[in-house]
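In this note's numbering, the protein residues as written are 337 to 739.
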């Protein structure tokens with residue numbers, strides 16, 4: 337019996353996606369982290385959040401001059417977009433600019449009639465659409481035309497049917513679409529016809545894939561999704577908790593900011609699962625509807641987890657939000673620790689000793705350590721069990737001070 341493993345573990349859908357995520361993260365850290373400003377010598381700080389391909393986010397932090405250089409290396413000056421993070425310093429650079437929707441439509445030749453219906457509906461509603469019968473003419477290089485369509489698209493749409501699943505050409509285009517999703521943020525949309533979700537390739541099963549039919553004539557929902565038109569009705573009046581957040585520019589919505597504040601003010605050590613809150617109690621305390629709370633949780637994805645109706649903060653939440661309600665700023669504290677590790681041979685390298693030297697309790701020290709660990713600016717080992725610290729050892733790193 338043949339047994340397939342990945343890194344010594346049985347091969348599963350989750351392990352495949354985990355391996356892909358690791359490769360993507362390593363790619364971004366290598367590609368962006370090696371960029372150095374020629375005049376200041378500054379390197380960018382790379383922060384990757386998210387646990388799977390659907391919510392993976394990359395933040396590039398540094399001075400405005402460095403971010404401009406990163407943009408030029410990443411996308412080129414004509415397509416890059418800088419967004420200055422107004423609620424905090426450092427700055428953040430976006431990995432893609434907003435453009436009018438442009439669709440690349442992939443399908444098997446046997447499904448040409450259904451693909452034509454999709455292409456015509458999209459075009460009639462203001463969506464530039466690459467469809468092979470329209471875009472490949474006599475004498476054209478097929479590969480070159482496909483490359484042009486893929487390179488220009490903001491949305492990769494593939495029509496999956498029992499006939500197309502095993503088509504080498506469709507699978508090759510899907511591979512290219514996935515690379516576009518990872519490198520350029522292209523939206524990947526699978527349309528199912530005659531297929532159950534369980535019959536899709538494993539990596540596509542976790543994403544919503546609308547079901548279509550050959551007789552379908554109403555494509556408005558697909559058009560709205562591509563244009564980014566929300567399905568939700570307008571929200572009602574803001575909850576009263578918003579008044580308490582006046583003057584706080586966290587960069588998050590009022591609901592997400594209020595939720596973060598509950599964790600920040602309720603934590604004793606700023607560790608994962610400190611504190612644990614009941615969703616029903618949180619909704620009542622913040623006067624949030626269930627929809628508003630779900631939106632806030634989605635916005636804080638990677639910072640707050642939900643399990644069986646309970647909410648658990650992650651350590652990164654305190655590194656980001658402490659500065660708004662606590663008498664310290666984790667980023668500034670992190671610079672203080674880093675300076676000691678790099679320049680002072682007598683500076684301690686364990687949390688207990690650092691706490692004693694600086695006079696900081698775990699509640700203050702842990703967010704600063706998390707800030708450094710998230711950005712891979714320090715080497716560390718970790719306890720899993722009862723402990724007051726986010727890590728049990730800090731080692732002097734090959735360090736680049738944040739700016």
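Don't be surprised by glycine CBs; every beta carbon is placed ideally from N, CA and C.
Cβ separation of residue i and residue j, assumed to be a contact under 8 Å, to the nearest whole Å
i	j	result
residue 525	residue 492	7 Å
residue 450	residue 529	6 Å
residue 703	residue 655	5 Å
residue 650	residue 608	5 Å
residue 365	residue 382	5 Å
residue 648	residue 612	6 Å
Status (buried if at least 16 other CB within 10 Å, exposed otherwise) for residue i
i	result
residue 544	exposed
residue 443	buried
residue 642	exposed
residue 711	buried
residue 566	exposed
residue 667	buried
residue 455	buried
residue 515	exposed
residue 700	buried
residue 672	exposed
residue 487	exposed
residue 475	exposed
residue 676	buried
residue 644	exposed
residue 490	buried
residue 469	exposed
Pairwise C-alpha distance: residue j and residue i
i	j	result
residue 478	residue 569	44 Å
residue 438	residue 359	28 Å
residue 353	residue 540	11 Å
residue 508	residue 552	27 Å
residue 326	residue 549	This structure leaves residue 326 out entirely; the chain is present only between 337 and 739.
residue 527	residue 536	10 Å
residue 679	residue 441	56 Å
residue 726	residue 696	14 Å
residue 686	residue 669	15 Å
residue 398	residue 561	34 Å
residue 504	residue 445	12 Å
residue 606	residue 519	34 Å
residue 657	residue 601	10 Å
residue 523	residue 392	13 Å
residue 588	residue 581	11 Å
residue 684	residue 484	56 Å
residue 614	residue 661	22 Å
residue 517	residue 497	22 Å
residue 769	residue 610	What the structure shows of the chain is the stretch from 337 to 739, and residue 769 is not part of that stretch, so it cannot be assessed.
residue 461	residue 555	10 Å
residue 596	residue 584	12 Å
residue 396	residue 368	8 Å
residue 538	residue 674	43 Å
residue 618	residue 510	42 Å
residue 370	residue 376	14 Å
Quick check: the segment 619 to 638 against the segment 586 to 595, are there 3 or more CB pairs under 8 Å? yes
Enumerated in chain order, which unbroken segments of the beta strand (DSSP E) with a length of 3 residues or greater are wholly contained in the segment 621 to 693? 640 to 643, 646 to 649
Only counting runs of 3 or more residues, tell me where the beta strand (DSSP E) segments fall wholly within the segment 448 to 513, in order along the chain. 464 to 466, 491 to 496
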